[in-house]
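A short worksheet on the structure shown next.
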Amino acid sequence: MKLWGGRFEKGPAELFEQFSGSLDFDRELLEADILGAKAYASALEQVGILAEDEKERIHEAFDKILIESSAADFFEGAADEDIHTLVIRKLGEKAGDLAEKIHTGRSRNEQVATDFRIWVRKQIRSAQQRLAGVMEALLEFARREPAALLPGYTHLRRAQPILWSHYLLAYFEMFSRDWERFGAAYRSADVLPLGSGALAGSGFPFDRQAMADELGFARVSGNSLDAVSDRDFALDFLYAASVTMLHLSRLGEDWILYSSDEFGFLEMGEEVTSGSSLMPQKKNPDALELVRGKTGRVSGHLLSLMMTLKGLPLAYNRDLQEDKEPVFDTAAQLAGSLEITRLVIETTKVNAGAMETAADEGWSCATALAELLARKGVAFHRAHQIV
Ligand code: ARG
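Position one of the sequence shown corresponds to residue 8 (this note's numbering), numbered consecutively onward.
What follows is the structure, given as structure tokens:
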């Protein structure tokens, strides 16, 4: 089904339909689209386009569609252009001619912006929850091993002895900043574009604050041209996700090294390591290698959306359909990476003996000795030379 066509004599080429259709991926927005459409139906009642019982029937039909959507065959045979079209077709199947009214004064441009914000907001909350899980696991590890020592490194050369718990809490700090960064991305997504029309605003006197309240948005957008073409919130999410992945990748790199025979500080659990098809003795840190690998992919998604946006004239352009896959994939890779990292942390054990021996060797207490001399009255520069 299509939501347009009156001015066309020929239909689109099948090649063009395949090329431009987005249902394969934007089905991810189904729930958000229904939530947005329900709020829009309420607004249509408020301006007198729908009678109260008509709005009720539309709301009930949407609730049923949402329940039915968990069935495995829900999308089977669907040839709709996008998720917005599919939802209206399903509404027609339930509410008959009433479905003809739901799109009154509405554009898919404002609709997709609204859906995407609802979706991103939800993903941000899940990311924050998973991030909190990783932070919890770090704290728990620090409590499990409060006294283990290891050499701290600069330039990957032994520098000064530190506590393992001190090391773990460095990552705790990074992840707490990530948590804040996701909070900022949430605030950027928490703005309602609905009521902006295709670009020029709505021809109906909607109470936009009421729509925002119904959808739980903190604010309404201030400029309709901006609202339909703004994807800053998606960039903010991708940036927060990219930095989080970068931190996960750094932890991964450390632990891949620390669990090698050369270091021998950590023993990773069998739950998160793999063997080799050829070399029987191998136990490889594949989980953390994949996290490190996916970090490039996620930063690539941030760059990809920036490039999509950089030359767009105001307001909506179909290029914007390319905003979704990078964001969807980022959310999936981030969720997987946070969960697996948490499991790695929970199942890794320290080899406190090897760590402490390494902390003892290589003159890593030289700084402490120089400071001891300084405390006895030797000028530090001189003490440095003596040591
Ligand atoms: N699939 C489109 C997107 O993701 C929905 C909006 C289509 N609007 C339009 N004017 N063609 O951006």
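Every residue, glycine too, gets a C-beta built ideally from N, C-alpha and C.
Next on the checklist: Would the segment 240 to 258 count as touching the segment 80 to 87 if we require 3 or more Cβ pairs under 8 Å?
Outcome noted: The segment 80 to 87 and the segment 240 to 258 do not touch, with fewer than three beta-carbon pairs separated by less than 8 Å.
Checklist entry - Which term fits Ile74, buried or exposed, when burial requires 16 or more other beta carbons within 10 angstroms of its beta carbon? => result On the sequence shown, position 67 is the one that residue 74 refers to. Answer is exposed; the Cβ neighbour count stays below 16.
Checklist entry - For the alpha helix (DSSP H) that contains Pro333, what are its first and last residues? => result Sequence index remark: in the sequence shown, residue 333 carries index 326 (1-based). If you look at Pro333, you'll find it in the alpha helix (DSSP H) that goes 331 to 354.
Checklist entry - What does DSSP give as the partner residues of Gly159 in its beta bridges? => result By 1-based counting over the sequence shown, the position of residue 159 is 152. Gly159 pairs with Gln167.
Checklist entry - Under the DSSP definition of a beta bridge, which residues are partnered with Glu274? => result The residue given as residue 274 occupies position 267 in the sequence shown. Answer is Lys356, bridged to Glu274.
Item to check | Helix, strand or coil at Leu30 according to DSSP, with G and I counted as helix | outcome: What you label residue 30 is simply residue 23 of the sequence shown in a count that begins at 1. DSSP places Leu30 in the helix class (H, G or I) of the three-state scheme.
Checklist entry - Does DSSP put Val385 in a helix, a strand or coil? => result In the sequence shown, the residue the question calls residue 385 occupies position 378. Under the three-state reduction of DSSP, Val385 is assigned to coil, being neither helix nor strand.
Checklist entry - Who are the near neighbours of Ala149 in its chain, counting only those whose CB is closer than 7 Å to its CB and skipping five residues on each side? => result By one-based count along the sequence shown, residue 149 stands at place 142. If we look at Ala149 and ignore the five residues flanking it on each side, its Cβ neighbours are Ser172, Leu175, Leu176.
Checklist entry - Thinking C-alpha only, which one of Leu156, Val141, Leu10 is nearest Thr364? => result Indexing the sequence shown from 1 puts residue 364 at position 357. Closest by alpha carbon: Leu156.
Checklist entry - Can you pull every residue whose C-beta falls closer than 5 Å to some heavy atom of the ligand ARG, listed in chain order? => result For the ligand ARG, residues qualifying as neighbours are Ser29, Asp89, Arg115, Val119, Leu327, Gln328, where qualification means a beta carbon closer than 5 Å to at least one of its heavy atoms (chain order).
Next on the checklist: Measuring CB atoms only, is the segment 102 to 117 touching the segment 30 to 40, in the sense that at least three cross pairs come out at less than 8 Å?
Outcome noted: The count of Cβ pairs closer than 8 Å, one atom from the segment 102 to 117 and one from the segment 30 to 40, stays below three, leaving the stretches out of contact.
Item to check | Sequence-distant residues of its chain with Cβ nearer than 7 Å to Gly276 (five each side left out) | outcome: Counting from one through the sequence shown, the residue named residue 276 turns up at place 269. Taking C-beta separations shorter than 7 Å and ignoring five residues to either side along the sequence, the partners of Gly276 in its chain run Thr354, Thr355, following chain order.
Next on the checklist: Once the 5 residues before and after Lys62 are set aside, which same chain residues still bring their CB inside 6 Å of it?
Outcome noted: Translated into positions along the sequence shown, residue 62 becomes position 55. When the five nearest sequence neighbours on each side are left out, the beta carbons in the same chain lying within less than 6 Å of the beta carbon of Lys62 are those of Ala48, Glu52, in order along the chain.
Next on the checklist: Suppose the cutoff is 6 Å on Cβ atoms and the five residues either side in sequence are ignored; what does the same chain contact list for Leu255 look like?
Outcome noted: On the sequence shown, residue 255 is found 248 positions in, with the first residue counted as 1. So the qualifying residues of the chain are Val298, Ser344, Thr348.
Next on the checklist: I believe Ile352 touches Leu145 by the beta-carbon criterion, under 8 Å. Please report the beta-carbon distance rounded to the nearest angstrom.
Outcome noted: For the purposes of this step, residue 352 is taken as the residue at position 345 of the sequence shown. For the purposes of this step, residue 145 is taken as the residue at position 138 of the sequence shown. Yes, they are in contact, since the Cβ atoms of Ile352 and Leu145 sit about 6 Å apart, within 8 Å.
Checklist entry - With a cut-off of 8 Å, does the C-beta of Leu51 fall near any C-beta of chain D? => result Given the protein chain composition of this structure (a single chain), no chain D is represented.
Next on the checklist: Measuring straight from C-alpha to C-alpha, what distance separates Met218 and Lys317?
Outcome noted: By 1-based counting over the sequence shown, the position of residue 218 is 211. By 1-based counting over the sequence shown, the position of residue 317 is 310. Approximately 31 Å between the Cα atoms of the pair.
Next on the checklist: Give the list of continuous alpha helix (DSSP H) stretches no shorter than 4 residues that lie fully inside the segment 75 to 112.
Outcome noted: Restricting attention to alpha helix (DSSP H) runs no shorter than 4 residues, the segment 75 to 112 encloses them at 90 to 102, ordered along the chain.
Next on the checklist: Asn116 and Tyr265 - do their beta-carbons sit closer together than 8 Å?
Outcome noted: Looking up residue 265 in the sequence shown gives position 258. Looking up residue 116 in the sequence shown gives position 109. Contact annotation: Tyr265 and Asn116 have beta-carbon atoms that are not nearer than 8 Å.
Next on the checklist: On the CB-based measure, 16 or more other CB atoms within 10 Å of its CB, does Arg188 come out buried or exposed?
Outcome noted: Translated into the one-based positions of the sequence shown, residue 188 becomes position 181. Buried, because 16 or more other Cβ atoms sit within 10 Å of the Cβ of Arg188.
Checklist entry - Cα-Cα, which of Glu378, Leu327, Ala361 is closest to Glu269? => result Locating residue 269 in the sequence shown gives position 262, counting from the first residue. Ranking Glu378, Leu327, Ala361 by CA distance to the CA of Glu269 puts Ala361 first.
Checklist entry - How is Leu57 classed by DSSP in three states: helix, strand or coil? => result As a first step, residue 57 is located in the sequence shown; it is residue number 50 there, counting from the start. In this structure, Leu57 counts as coil in the three-state DSSP scheme.
Item to check | Within the segment 203 to 246, ranges of the alpha helix (DSSP H) (whole runs, at least 4 residues) | outcome: Runs of the alpha helix (DSSP H) inside the segment 203 to 246: 215 to 222, 231 to 236.
Checklist entry - Should Trp126 be labelled buried (16 or more other beta-carbon atoms within 10 Å of its own) or exposed? => result Within the sequence shown, the letter at position 119 stands for residue 126. In the assembly as shown, Trp126 is a buried residue. Its beta-carbon has 16 or more other beta-carbons within 10 Å.
Item to check | Distance between beta carbons of Val198 and Val235, contact taken as under 8 Å | outcome: Along the sequence shown, read from residue 1 onward, the residue named residue 235 stands at position 228. Along the sequence shown, read from residue 1 onward, the residue named residue 198 stands at position 191. Not really, about 12 Å apart at Cβ, beyond 8 Å.
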